[in-house]
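Chains as they are written, first to last, in our numbering: chain A, 37 to 295; chain B, 33 to 317.
C-beta: ideal position from N, C-alpha, C; glycine also.
A short write-up of the structure that comes next.
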């Protein structure tokens, strides 16, 4: 019996190989067509909603990201995204040591604010040594210092109707300014700070000088750099292209980047 | 009394059929086949975004990597520790179907999507991660409470003996597989590999995957300690993925060698045709 079986097996293996080779090219194109189909994208994006809902359900709203010791600091803290915002305006600010930099607090607030860097440094400060996780997969540990966003939101008197905080940035990428957003849970989280210092020194330009967001339970692209504005809104519709962030609008990164 | 004369060669009896795979096993098997393929290919896409692996809490371009897939001016390479292998054409530097040279780590035919898109790779990966987690949980429950573990996967005391295991390894290496009634049950190597995949490798994939989540790290910081940091979890995730690929390759080889039609049919219909025992002369040899 085995004398009959083995050639048949070989035949099947060879036939399988031929089919695989011939099928490869259309198959690859087919895969990308599936990837691009709106219905498929809608189904896949359910994963993001399930991640957001389950993480919000699983963790305490004030659960802290791990804080490390100085011994754990990355020797070099890698910068990513914009490393130097283009334009004469930003260059002029940098030349003056950001002495005239203002951060506007607007939207659904009782008292709109315009904060100078001196105002921000005069607030109660928080320092935290945390791990920064890029969506690409790398991580770096740094020490960040700045006021809690909650302090600023309280000072401005955020209205109950506000559901999101939008972060406006000075760096232009292609056709638009970078922006990001988060919900009120993350906005009021104790580790959500506006950092003006990294590893005990003034924040370098590559890392977002003079001020950047730290949103410690989410991935790096949420941590908006070169902050110019904080806006309380009821909906993300009509801001950018409506998905809540520069990369969310353009390449469909998840708005909830907790994983 | 009349047994002295051997019976005249009888007509071959029809092969015996047994109902070997119950419906939950068959559904999970094929769900899992699709799910793991999507997770692997989208995972390779995600790896391409940063084709370096580290041990510890942190790791980025300035830190020492234990595994790198990269490109030089004219070649592609894989470096593991101090071992460097030229992989031009496959890893690090390869040519796509349109003839364009690319320098990302894994080639387009191995990734979802085939073009570079970290965002889309993540969408596929993080959706199918849910499919895996839910289907694995249900299957584990069925395995434990539905009798699959007791009836099919339970390793009996005699099977644990090193002699028995070594015997099975030798038989497999010689491509001699059980026939007749013995083929109706899983052998020790099958049991150990199925238990290893269901209760060790797949849960390890999910746990290391979750340990890479900054949200999960806040909810369950002990997972960082369990795996020695986020970058260690990422490395273990990568290694365990290739362990699953190794399982898959051996699994497919065994299916092909044991009779692909019968094996695949049994995983579709549940009914398995027992291979006939070798004839008497072979048995005595």
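(request) Pick out whichever of B:105, B:127, B:98 and B:129 has its Cα sitting closest to the Cα of residue 116 (chain B). (result) For the purposes of this step, residue 116 (chain B) is identified with residue 84 of the second chain, where counting begins at 1. Ranking B:105, B:127, B:98 and B:129 by Cα distance to residue 116 (chain B) puts B:98 first.
(message) For residue 253 (chain A), would you say it is in contact with chain B, using Cβ-to-Cβ distances shorter than 8 angstroms as the test?
(response) Here residue 253 (chain A) refers to the residue found at position 217 when the first chain is read from its first residue. Between residue 253 (chain A) and chain B, the shortest Cβ-Cβ separation is below 8 angstroms.
(request) Give the interface partners of residue 203 (chain A) over in chain E, defined as CB-CB distance under 9 angstroms, in chain order. (result) The chain inventory of the structure shown lacks chain E, comprising the protein chains A and B.
(message) Following a CB-centred definition, is residue 266 (chain B) positioned closer than 7 angstroms to any heavy atom of the ligand SAH?
(response) This structure simply doesn't include the ligand SAH, nor any ligand for that matter.
(message) Please classify residue 252 (chain A) as buried or exposed, where buried requires at least 16 other C-beta atoms within 10 Å of its C-beta.
(response) Start at 1 with the first residue of the first chain, and residue 252 (chain A) comes out as number 216. It counts as buried.
(message) Taking DSSP's pairing of strands, which residues face residue 168 (chain A) in a bridge?
(response) Residue 168 (chain A) sits at position 132 when you count from the first residue of the first chain. DSSP, once it has assigned bridges, lists A:176 as partnering residue 168 (chain A).
(message) Just checking: is the beta-carbon of residue 243 (chain A) within a distance shorter than 8 angstroms of some beta-carbon in chain B?
(response) Sequence index remark: in the first chain, residue 243 (chain A) carries index 207 (1-based). Output row for residue 243 (chain A): interface = no.
(message) Between residue 131 (chain B) and chain A, is the shortest Cβ-Cβ distance under 8 angstroms, so that the two count as touching?
(response) Against the second chain, residue 131 (chain B) aligns to sequence position 99. No, residue 131 (chain B) does not count as interfacial toward chain A.
(request) Measuring only between beta-carbons, confirm whether residue 217 (chain A) sits less than 8 angstroms from chain B. (result) The residue given as residue 217 (chain A) occupies position 181 in the first chain. No, residue 217 (chain A) does not count as interfacial toward chain B.
(request) Could you list which residues in chain A have their beta carbon closer than 9 angstroms to that of residue 93 (chain B), in chain order? (result) Here residue 93 (chain B) corresponds to residue number 61 of the second chain, with the count starting at 1. Listed by position along chain A, the residues whose Cβ is nearer than 9 angstroms to that of residue 93 (chain B) are 112, 114 and 174.
(request) Identify each residue in the region 161-173 of chain B for which the Cβ-Cβ distance to at least one residue of chain A is less than 8 angstroms, and report them in chain order. (result) Using a CB distance below 8 angstroms, the part of the region 161-173 of chain B facing chain A consists of 161 and 162, ordered along the chain.
(message) So residue 237 (chain B) contacts chain A; which residues on that side make the cut at Cβ distance below 8 angstroms?
(response) For the purposes of this step, residue 237 (chain B) is identified with residue 205 of the second chain, where counting begins at 1. By Cβ distance, chain A contributes nothing, its closest Cβ being about 14 angstroms from residue 237 (chain B), past 8 angstroms.
(message) To test your reading of the DSSP string, which unbroken alpha helix (DSSP H) runs of 4 or more residues are found completely within the region 206-292 of chain B?
(response) DSSP runs (the alpha helix (DSSP H)) wholly in the region 206-292 of chain B: 220-228, 234-243, 246-251, 254-259 and 262-290.
(request) Answer with buried or exposed for residue 177 (chain B), where buried requires no fewer than 16 other C-beta atoms within 10 angstroms of its C-beta. (result) Along the second chain, one-based indexing puts residue 177 (chain B) at 145. Classification of residue 177 (chain B): exposed, given that the 10 Å Cβ count is below 16.
(request) Compare the Cα-Cα distances from residue 216 (chain B) to each of B:199, B:206 and B:184 and report the closest residue. (result) The count along the second chain starts at 1 and reaches residue 216 (chain B) at position 184. Taking the Cα of residue 216 (chain B) as reference, the smallest distance to any Cα among B:199, B:206 and B:184 is reached at B:184.
(request) Kindly list, in the order they appear in chain B, the residues whose Cβ is closer than 8 angstroms to that of residue 91 (chain A). (result) For the purposes of this step, residue 91 (chain A) is taken as the residue at position 55 of the first chain. Here the neighbours are 245, 247, 248 and 251.
(request) Confirm, please, whether the CB-CB distance from residue 201 (chain A) to residue 217 (chain A) is below 8 angstroms. (result) Within the first chain, the letter at position 181 stands for residue 217 (chain A). Within the first chain, the letter at position 165 stands for residue 201 (chain A). Yes. Within cutoff.
(request) Could you tell me which residues DSSP pairs with residue 101 (chain B) in its beta bridges? (result) Position 69 of the second chain holds residue 101 (chain B). Partner(s): B:110.
(request) Determine, using beta-carbon pairs with one atom in the region 262-273 of chain A and one in the region 65-84 of chain A, whether at least three such pairs fall under 8 angstroms. (result) With the cut-off at 8 angstroms, the region 262-273 of chain A and the region 65-84 of chain A do not touch.
(request) Might you give, ordered along the chain, the residues of its own chain that have their beta carbon closer than 7 angstroms to the beta carbon of residue 122 (chain A), omitting 5 neighbours on each side? (result) The count along the first chain starts at 1 and reaches residue 122 (chain A) at position 86. Within its own chain, the residues whose Cβ lies closer than 7 angstroms to the Cβ of residue 122 (chain A), once the five positions on either side in sequence are excluded, are 208, listed in chain order.
(request) For residue 159 (chain B), go through chain A and note every residue whose CB falls closer than 9 angstroms to its CB, in chain order. (result) Your numbering for residue 159 (chain B) matches position 127 in the second chain. Neighbours of residue 159 (chain B) in chain A, taken as residues at a C-beta separation under 9 angstroms, are given in chain order as 79, 80, 81, 82, 83, 84 and 86.
(request) Spell out the partners DSSP gives residue 51 (chain B) in its beta bridges. (result) Sequence index remark: in the second chain, residue 51 (chain B) carries index 19 (1-based). For residue 51 (chain B), which the question treats as bridged, DSSP gives the partners B:303.
(message) Tell me the residue span of the alpha helix (DSSP H) that contains residue 85 (chain A).
(response) The residue labelled residue 85 (chain A) in the question sits at position 49 within the first chain. Start and end: 82-94.
(request) Spell out whether any CB of chain A is found under 8 angstroms from the CB atom of residue 145 (chain B). (result) Against the second chain, residue 145 (chain B) aligns to sequence position 113. Yes, because at least one Cβ of chain A sits closer than 8 angstroms to the Cβ of residue 145 (chain B).
(message) Run through chain B and tell me which residues come within less than 7 angstroms of residue 101 (chain A), C-beta to C-beta.
(response) Residue mapping note: residue 101 (chain A) aligns to position 65 of the first chain, counting from 1. Correct list: 246, 249 and 250.
(request) For the region 81-90 of chain B and the region 258-266 of chain B, state whether three or more C-beta atom pairs, one from each stretch, are separated by less than 8 angstroms. (result) Here the region 81-90 of chain B makes contact with the region 258-266 of chain B; the two share three or more CB pairs at distances below 8 angstroms.
(request) Please say whether residue 192 (chain A) and residue 247 (chain A) have beta carbons closer to each other than 8 angstroms? (result) Residue mapping note: residue 247 (chain A) aligns to position 211 of the first chain, counting from 1. Residue mapping note: residue 192 (chain A) aligns to position 156 of the first chain, counting from 1. Cβ atoms of residue 247 (chain A) and residue 192 (chain A): not closer than 8 angstroms.
(request) Could you tell me whether the Cβ atoms of residue 139 (chain A) and residue 276 (chain A) are closer together than 8 angstroms? (result) As a working mapping, residue 139 (chain A) is identified with position 103 in the first chain. As a working mapping, residue 276 (chain A) is identified with position 240 in the first chain. Residue 276 (chain A) is positioned such that its CB atom lies no closer than 8 angstroms to that of residue 139 (chain A).
(request) Kindly list, in the order they appear in chain A, the residues whose Cβ is closer than 8 angstroms to that of residue 82 (chain B). (result) Numbered from its first residue, the second chain carries residue 82 (chain B) at position 50. Taking the beta carbon of residue 82 (chain B) as reference, the chain A residues within 8 angstroms of it are 170, 172, 173 and 174, listed in sequence order.
(request) Could you check the C-alpha separation between residue 104 (chain B) and residue 139 (chain B) for me, to the nearest Å? (result) On the second chain, position 72 is the one that residue 104 (chain B) refers to. On the second chain, position 107 is the one that residue 139 (chain B) refers to. Rounded to whole angstroms, the gap between the alpha carbons of residue 104 (chain B) and residue 139 (chain B) is 16 angstroms.
(request) Would you kindly check if the distance between the Cβ of residue 80 (chain A) and the Cβ of residue 162 (chain B) is under 8 angstroms? (result) In the second chain, the residue the question calls residue 162 (chain B) occupies position 130. In the first chain, the residue the question calls residue 80 (chain A) occupies position 44. No, they are not a contact pair.
(request) Decide if residue 229 (chain A) is buried, meaning its Cβ has at least 16 other Cβ atoms within 10 Å, or exposed. (result) Within the first chain, residue 229 (chain A) is the residue found at index 193, counting from 1. Residue 229 (chain A) should be labelled buried.
(request) Answer with buried or exposed for residue 51 (chain B), where buried requires no fewer than 16 other C-beta atoms within 10 angstroms of its C-beta. (result) Position 19 of the second chain, counted from the start, is the residue given in the question as residue 51 (chain B). Label assigned to residue 51 (chain B): exposed.
(request) Starting from residue 284 (chain A), follow the alpha helix (DSSP H) in both directions and report where the run begins and ends. (result) Residue numbering aside, residue 284 (chain A) sits at position 248 when the first chain is read from its first letter. Note, residue 284 (chain A): alpha helix (DSSP H), 282-287.
(request) Using 10 angstroms around the beta-carbon of residue 298 (chain B), count the other beta-carbons present and answer buried if the total reaches 16, otherwise exposed. (result) On the second chain, residue 298 (chain B) is found 266 positions in, with the first residue counted as 1. Of the residues assessed, residue 298 (chain B) falls on the buried side of the cut-off, its CB having 16 or more other CB atoms within 10 angstroms.
(request) Using a Cβ cut-off of 8 angstroms (strictly closer), state whether residue 294 (chain A) contacts chain B. (result) As a position in the first chain, residue 294 (chain A) is number 258, starting the count at 1. Yes, residue 294 (chain A) lies at the interface with chain B (some Cβ there is under 8 angstroms from its Cβ).
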